[in-house]
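What follows is one structure encoded as structure tokens, with my remarks underneath.
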Amino acid sequence: LRPGDAMLVGVDLKKSTALLDAAYNDADGVTAEFNLNLLVRINRELGADFAVDRFDHVAFYDANHGRIEMHLRSTVDQTVMLAGEEFHFLAGETIHTENSYKYSIPDFQALLEGSRFRPSQVWTDGEQKFSVHLLRCE
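Per our numbering, numbering of the sequence shown is gapless, rising by one per residue and ending at 145.
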């Protein structure tokens, strides 16, 4: 972007642990399916042989780091082949697949320090769960 240009950035705001855990462990299993699809794609695109039904979706909020962590947990001891290499998983061992960070508005704006972007405006939903930031490029 050039000086004077602007961009919008959506930010997931910090919420209660209970709300976040429920959202990432939804009753319909949508997030689990999304997470497990990583193994499906590795099998298809990289020729691996993950037995997807031998992994469970695990998601939890880590308040110390301000993030949801998503993992795939092996339900049994198993070996997977990928790119000619064997990967051994013990029952209970996880693959850390994603971090989804949550911010307060001041924390997000602090991330801009040292960048060419300055906060211009902020909008939030009525429940203060999400924010949209208009950033100006200097």
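We treat Cβ as the ideally placed atom computed from N, Cα and C, and that holds for glycine.
Along the length of the region 8-49, whole alpha helix (DSSP H) runs at least 4 residues long occupy 24-31, reported in chain order. Residue burial is scored here from C-beta neighbours: S23 has fewer than 16 other C-beta atoms within 10 angstroms and is therefore classed as exposed.
In the three-state scheme derived from DSSP, where H, G and I count as helix and E and B as strand, Q135 is classed as coil.
Distances from the CA of E105 to each of Y31, S111, L141, A98 were compared; the closest alpha carbon is that of Y31. The three-state secondary structure of V87, taken from DSSP, is strand. The Cβ atoms of L79 and H64 sit closer than 9 angstroms to each other. Distance from the Cα of S138 is smallest, within the candidate group L45, L8, L15, for L15.
Residue pairing from DSSP places S81 in a beta bridge opposite F62. Between F67 and L43, the C-beta gap is not smaller than 9 angstroms, which leaves the two residues out of contact.
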